[in-house]
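Single-structure report; data block below.
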Amino acid sequence: MLKYFDLNVHAYPETDTPVEELLSVAKRYGYAGIAITNHDNIVGEDLASNYIFTGVEIKANSVSDLKRKINLHWGKVSLLAVHGGNDKINRAAVENPKVDILAHPCGEKGEGELNHVLVRYAAENGVAIDFNMNSIIHSRRGERARTLGKMREILKLVRKYNTPMILTSHAHTTYDLRAPREMIALAALFGMPKEEATSALCDIPRGVLEKRWKKERDVEII
Amino acid sequence: MNMKYILSLLLHLPPSLRERRRYLRFEVICEREIDKRELLKEIWDSLYALYGDVGASESKVWLIEYHKSEDANSGGGILRCAHDKVDEVRASLACIHSVNDAQIGIRVIKISGTIKGATLLRRQ
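Protein chains in written order, with the numbering used here: chain A, 1183 to 1404; chain B, 4 to 127.
As structure tokens, then:
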């Protein structure tokens, strides 16, 4: 039995959907765990269990702001994600071994970039690159074509440097969640084969939670 | 040989020439009650948007049945498609996020080669 994880879900108070509701739908869809990553805000600490992981998605305006927020949240959550999309923020995030996930590096509307240098940094520092399905689901026509094109490029780089990659729903409501098989079908749209997509939903997220790609010196301090 | 048998040979395609199909049993969760017509339009729109006219014609999608459940927040049904286009149809179902401004989410529960197989569910 494969264990699927969704490591980027937003819940109340950022959205109207409480954590319990998201969890019940996710369980029915066959997920073994979800991580609540609200922007700059830790929730679900009292609910933390085998199913729910507490996380935070840091949204920063500048590099110094990002560094400050990373130091503020580091060690308090099991998952530290950075809201990507801006080129400078992307760079600062992959250079920092304290970061676990770079969420939607090509932005929510396909505006950001990742190049070979950044993807290599991400591999060295154990920062997982996230492919955000929400931007495929919620965009149409040109916007979606651009997003899919960016994801295709990033996928090529990620394969080359063996960077951890994960698929997430970035859900804001229960209606945004998609079952694992649907996520795999969506990943096929930008050229990710089934086996790769399955490991991006099972193995790699678990490795991210276990800090498998972090060097020992980075983990000891936690 | 009776007339009925001869007619049936003439009217129906022989089994070897029939198209191979898959039946997808799906489940919908929605904000408000969705009727069949609205859902079907959205499924086609999503299919056209992702694969264009050619891809949509190849996938041969047909909504066999759709029923609303009593609590108005969910529904389910069976969709038919070509046997080699299951993943494409699944992706286009996953891309549906709203019907007339009501948010919905669709999940495929079971795939079968016959309607009967798609109707029967494993005992929980």
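All C-beta atoms in this analysis are idealised placements derived from N, C-alpha and C, irrespective of residue type, glycine included. Given the structure is predicted, the values throughout are model-derived calculations rather than measurements.
Nearest to residue i (by Cα), restricted to the options the options
i         : options                                    : result
Phe1187/A : Arg1388/A, Val1281/A, Lys1393/A, Lys1397/A : Arg1388/A
Lys71/B   : Leu42/B, Tyr26/B, Leu12/B, Gly116/B        : Leu42/B
Gly1237/A : Arg1210/A, Gly1212/A, Asp1247/A, His1265/A : His1265/A
His1320/A : His1354/A, Asn1232/A, Cys1384/A            : His1354/A
Gly1289/A : Leu1300/A, Leu1359/A, Val1245/A, Asn1272/A : Asn1272/A
Asp74/B   : Arg21/B, Ser11/B, Val31/B                  : Val31/B
Ala1230/A : Ala1304/A, Arg1341/A, Gly1215/A, Asp1198/A : Gly1215/A
Glu1335/A : Ser1246/A, Tyr1233/A, Leu1300/A            : Leu1300/A
Ala1379/A : Lys1397/A, Thr1350/A, Tyr1357/A            : Thr1350/A
Asn1223/A : Asn1232/A, Lys1241/A, Tyr1211/A            : Lys1241/A
Glu68/B   : Arg93/B, Thr122/B, Leu10/B                 : Thr122/B
Leu1415/A : Arg1341/A, Met1347/A, Lys1397/A, Met1315/A : Outside the modelled stretch of chain A, which goes from 1183 to 1404, sits residue 1415/A, for which no answer is possible.
Val1259/A : Glu1306/A, Phe1235/A, Leu1368/A, His1352/A : Phe1235/A
Val64/B   : Gly55/B, Asn76/B, Leu50/B, Lys39/B         : Leu50/B
Cys52/B   : Ser11/B, Ile99/B, Ile109/B, Val111/B       : The sequence shown places Ala at residue 52/B, not Cys. Ranking the options by Cα distance to Ala52/B, first place goes to Ile99/B.
Glu36/B   : Lys119/B, Ser101/B, Ile114/B               : Ser101/B
Lys1342/A : Tyr1233/A, Tyr1303/A, Ile1252/A, Ala1274/A : Tyr1303/A
Glu87/B   : Gly80/B, Ser77/B, Ala59/B                  : Inspection of the sequence shows that residue 87/B is occupied by Asp rather than by Glu. Selected option, being the one with the closest Cα: Ala59/B.
Gln106/B  : Ala97/B, Lys113/B, Ile112/B                : Ala97/B
Collapsed DSSP secondary structure at residue i in the structure displayed
i         : result
Glu45/B   : helix
Ser1317/A : helix
Ile1403/A : Here the model assigns Ile1403/A a pLDDT of 48, short of 50, so the residue's position is not dependable, and the following value carries that caveat. Coil at Ile1403/A, not helix or strand.
Ala1193/A : coil
Val1264/A : strand
Tyr51/B   : helix
Glu73/B   : coil
Tyr26/B   : strand
Asp1188/A : strand
Ser1246/A : helix
Val89/B   : helix
Glu68/B   : strand
Lys113/B  : strand
Thr1236/A : strand
Gln127/B  : Since pLDDT at Gln127/B reaches only 46, below the 50 mark, its modelled position is unreliable, and the value read off the structure follows with that caveat. In this structure, Gln127/B counts as coil in the three-state DSSP scheme.
Ile1415/A : Absent from the model: residue 1415/A. The displayed extent of chain A is 1183 to 1404, so no value can be given.
Val1301/A : helix
Gly58/B   : helix
Gly79/B   : strand
Ser101/B  : strand
Leu1284/A : strand
Val1259/A : coil
Ile37/B   : coil
Gly120/B  : helix
Leu13/B   : helix
Within chain A, partners of residue i - CB distance below 8 angstroms
i        : result
Ala85/B  : Result: empty, since nearest Cβ-Cβ is about 15 angstroms, beyond 8 angstroms.
Arg93/B  : Arg1363, Glu1364, Ala1367
Ile32/B  : Val1207, Thr1356, Tyr1357
Ile107/B : Tyr1357
Ala121/B : Near Ala121/B there are no residues of chain A at all, since even the closest Cβ is about 15 angstroms away, more than 8 angstroms.
Where residue i meets chain B, residues with beta-carbon distance less than 8 angstroms
i         : result
His1221/A : Under the 8 angstroms cutoff, chain B gives no residues; its nearest Cβ is about 21 angstroms from His1221/A.
Arg1334/A : Here the premise fails: no neighbours, minimum Cβ distance about 15 angstroms.
Cβ-Cβ separation, residue j to residue i (assumed contact under 8 angstroms), whole Å
i         : j         : result
Glu1295/A : Asp1269/A : 6 angstroms
Ala1217/A : Val1191/A : 7 angstroms
Trp1193/A : Asn1220/A : Note on identity: in this sequence residue 1193/A is Ala, with Trp being the wrong assignment. Indeed they touch by this definition, with Cβ atoms about 7 angstroms apart.
Val1309/A : Leu1284/A : 5 angstroms
Contacts that residue i makes with chain A (C-beta to C-beta distance below 7 angstroms)
i       : result
Asp90/B : Ala1367, Ala1370
Ala59/B : The premise fails here: Ala59/B is roughly 15 angstroms from chain A at the closest Cβ pair, so nothing lies under 7 angstroms.
Amino acids of chain A, ordered along the chain, whose beta-carbon sits closer than 9 angstroms to that of residue i
i        : result
Val111/B : Ala1361, Arg1363, Glu1364, Ala1367
Ala52/B  : Arg1322, Arg1323, Arg1326
Contacts that residue i makes with chain B (C-beta to C-beta distance below 7 angstroms)
i         : result
His1320/A : His100
Tyr1211/A : Arg110
Length at least 3, wholly inside the region 1201-1229 of chain A: the beta strand (DSSP E) runs in chain order: With a minimum length of 3 residues, the continuous beta strand (DSSP E) runs that stay inside the region 1201-1229 of chain A are 1213-1221.
Within the region 1303-1380 of chain A, note down every full alpha helix (DSSP H) run reaching 4 residues or more, in order along the chain. You should have 1315-1320, 1323-1343, 1362-1369.
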